[in-house]
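K.L.:
For what it's worth, our numbering labels the leading residue of the sequence shown as 22, then goes sequentially. Virtual Cβ for every residue (Gly too), placed ideally from N, Cα, C. As the structure is a computational prediction, the values presented were derived from the model and not from experiment.
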Amino acid sequence: MVNKTEITPATWGVRSSFHSLVALLVASVVVAVLSLARDGSRFRPLPDDGASLQSAAGATTSCDLFSGRWVYDNASYPLYEEKQCTFVSDQVACEKFGRKDLGYRHWRWQPHGCDIPRFNATWLLERLRNKRLVYVGDSLNRGQWVSMICLVESAIPPNLKWISYRHNHSLIAFNAMAIEKHARVWSDADILIFNSYLWWLRPEIKVLWGSFGSPDGIHKMEQAPRVYEMALNTWSDWLEVHINRSKTQVFFVSMSPTHDRAEDWGGLDGHNCYQETEPITREGYSGSGSRPELMRAVEAVIGRLRARGLGVRILNITQLSEYRKDAHPSIYKRQWHPLSREQLADPTSYADCFHWCLPGVSDVWNELLYAYILRNRSPC
Numbered sequence: 022m023v024n025k026t027e028i029t030p031a032t033w034g035v036r037s038s039f040h041s042l043v044a045l046l047v048a049s050v051v052v053a054v055l056s057l058a059r060d061g062s063r064f065r066p067l068p069d070d071g072a073s074l075q076s077a078a079g080a081t082t083s084c085d086l087f088s089g090r091w092v093y094d095n096a097s098y099p100l101y102e103e104k105q106c107t108f109v110s111d112q113v114a115c116e117k118f119g120r121k122d123l124g125y126r127h128w129r130w131q132p133h134g135c136d137i138p139r140f141n142a143t144w145l146l147e148r149l150r151n152k153r154l155v156y157v158g159d160s161l162n163r164g165q166w167v168s169m170i171c172l173v174e175s176a177i178p179p180n181l182k183w184i185s186y187r188h189n190h191s192l193i194a195f196n197a198m199a200i201e202k203h204a205r206v207w208s209d210a211d212i213l214i215f216n217s218y219l220w221w222l223r224p225e226i227k228v229l230w231g232s233f234g235s236p237d238g239i240h241k242m243e244q245a246p247r248v249y250e251m252a253l254n255t256w257s258d259w260l261e262v263h264i265n266r267s268k269t270q271v272f273f274v275s276m277s278p279t280h281d282r283a284e285d286w287g288g289l290d291g292h293n294c295y296q297e298t299e300p301i302t303r304e305g306y307s308g309s310g311s312r313p314e315l316m317r318a319v320e321a322v323i324g325r326l327r328a329r330g331l332g333v334r335i336l337n338i339t340q341l342s343e344y345r346k347d348a349h350p351s352i353y354k355r356q357w358h359p360l361s362r363e364q365l366a367d368p369t370s371y372a373d374c375f376h377w378c379l380p381g382v383s384d385v386w387n388e389l390l391y392a393y394i395l396r397n398r399s400p401c
């Protein structure tokens, strides 16, 4: 079952309690859980557990999965069709909302010196039997969750999967074999995937010292990087108290870059990702949509966790995503509010250069996660 809960605090307040993790770490939170029932008759047997990557010569090797290039591959990509994904979100369904240039779906991430294992939905579902895979983060993590649903749902019979909406759509559940009781909490998950970046791009955030319900609370504006560090430290404290180190693998997805300034990659001033149809090919490219100081804060906190014996692996999707200026929804998504005449006259003014079309970049993030699960490595 997959549950997704979105919580949006009324203010940018921050509390200093372990129990305030959700309000502290992100302003908009997605909690998504994938778990399976015990009935083993629904899926095919597991293939051989090829836990290592293969080099071009066929030898077992290890390599940096996050260093590589995008290769156009219209033979094996996309891994699914948008129209075949029953539960794709209108925020990322670019073809549905009029995008005609669909080349963004055919790019494959190729690490230098090795290949990513081919995604096998049946194998993953079997590996996760009686386990829970949980995404906790912002709308970008929600996009990765939707990607995972699209990647695995073809292996689940139609009568054993559905989405339900509850609590005025604040809870959306993707159900596979109906075992809701396993998704009540995520502190005992087998695999936890966190992210938090997009909401910290504003220069300042209002911090609340005290309780939301207390009249004695003190509000203070702080620089966003400082508040981000505070949030990460509270997240770190929460993990130390609640995570079962012998069971749970923890991942933190690095920052997902934006493409709001075409001049970063040599485009026209004032333009953005709108009408971009090709990836950036300059190796090592980094644009103004990435904030290295925020990732340094993540690395520092995770380093301290590792020193205390709690392994957290960084899923470093930043560089590979930096190249994909072509893969954002741009104007091809559901518009939640009517567009003004001025906006319609200038599509760049409302282009979404933050999220990612599906099929697309978020699928590759999950392919990299799949590679780690396939190798069954300890998060340490």
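#1: For residue 370, which residues in the same chain have their Cβ closer than 8 Å to its Cβ, ignoring the five residues on either side in sequence?
#2: Leaving aside the five residues before and after residue 109 along the sequence, list all residues of the same chain whose C-beta is less than 7 Å from its C-beta, in chain order.
#3: Buried or exposed: where does residue 169 fall if 16 or more other Cβ atoms within 10 Å of its Cβ makes it buried?
#4: What does the alpha-carbon distance come out to for the pair residue 242 and residue 129?
#5: Would you kindly work out how many angstroms separate the C-alpha atoms of residue 98 and residue 248, rounded to a whole number?
#6: Sorted by chain position, which residues of the same chain lie with C-beta nearer than 6 Å to residue 330's C-beta, five sequence neighbours on each side aside?
#7: Return the first residue and the last residue of the alpha helix (DSSP H) that residue 109 is part of.
#8: Among residues of its own chain, excluding the 5 on either side of residue 276, which ones have a beta-carbon nearer than 7 Å to its beta-carbon?
#9: To the nearest angstrom, how far is the alpha carbon of residue 285 from that of residue 308?
#10: By the DSSP assignment, the beta strand (DSSP E) with residue 128 in it spans what residues?
#11: Which residues bound the alpha helix (DSSP H) around residue 249?
#12: Could you tell me if residue 255 is buried or exposed, where buried requires 16 or more neighbouring beta carbons within 10 angstroms of its beta carbon?
#13: If you drop the 5 nearest sequence neighbours on each side, which residues of the same chain put their C-beta closer than 8 Å to that of residue 127?
#14: Quick one: grab the DSSP three-state call for residue 225.
#15: Can you tell me whether residue 89 is helix, strand or coil according to DSSP?
#16: Measuring only the C-alpha atoms, how far is residue 226 from residue 259?
#17: Counting pairs of Cβ atoms below 8 Å between the region 381-388 and the region 341-355, do you hit three or more?
#18: Have a look at residue 50 and residue 155 and give me their C-alpha separation to the nearest angstrom.
#19: Is it the case that the Cβ atoms of residue 125 and residue 347 are separated by a distance below 8 Å?
#20: Helix, strand or coil, according to DSSP, for residue 296 in the structure here?
#21: Any chance you could list the alpha helix (DSSP H) runs of at least 4 consecutive residues sitting entirely within the region 322-372, in chain order?
#22: Helix, strand or coil for residue 158, going by three-state DSSP, please let me know.
#23: Report the three-state DSSP secondary structure of residue 136 (helix, strand or coil).
#24: Does DSSP put residue 151 in a helix, a strand or coil?
#25: Buried or exposed for residue 165, going by 16 or more other Cβ atoms inside 10 Å?
#26: When DSSP labels each residue in this structure, what does residue 268 get in the three-state scheme?
#27: Using the Cα positions of residue 358 and residue 291, report the straight-line distance between them to the nearest angstrom.
#28: Please classify residue 301: does DSSP put it in a helix, a strand, or coil?
#29: Measuring CB to CB, does residue 318 end up less than 8 Å from residue 250?
#30: With DSSP as the reference, identify every bridge partner of residue 240, one or two as the case may be.
#31: Please classify residue 30: does DSSP put it in a helix, a strand, or coil?
#32: Taking Cβ positions, are residue 298 and residue 374 nearer each other than 8 Å?
#33: Could you give the DSSP three-state label for residue 387: helix, strand or coil?
#34: Rounded to the nearest angstrom, what separates residue 270 and residue 131 at their Cα positions?
#35: For residue 274, write down the residues that DSSP places opposite it in a beta bridge.
#36: Of all the options 230, 105 and 281, which has the alpha carbon lying nearest to the alpha carbon of residue 222?
P.N.:
Per the coordinate set shown:
#1: 363 and 364
#2: 103, 167, 171 and 379
#3: buried
#4: 43 Å
#5: 40 Å
#6: none
#7: No alpha helix (DSSP H) contains residue 109, which DSSP labels as neither H nor E.
#8: 218, 311, 312, 315, 316 and 339
#9: 6 Å
#10: 128-132
#11: 245-263
#12: buried
#13: 93, 94, 95, 98 and 99
#14: strand
#15: strand
#16: 22 Å
#17: yes
#18: Residue placement at residue 50 is poorly supported in this model, since its pLDDT is 40, which falls under 50; the coordinates still yield a value, given next. Taking the straight line joining both Cα atoms gives about 12 Å.
#19: yes
#20: coil
#21: 339-343 and 362-366
#22: strand
#23: strand
#24: coil
#25: buried
#26: coil
#27: 23 Å
#28: coil
#29: yes
#30: 229
#31: Unreliable placement is indicated for residue 30, whose pLDDT of 22 sits below 50; the coordinate value is still reported in the next sentence. Here residue 30 sits in coil by DSSP.
#32: no
#33: helix
#34: 25 Å
#35: 216 and 336
#36: 281
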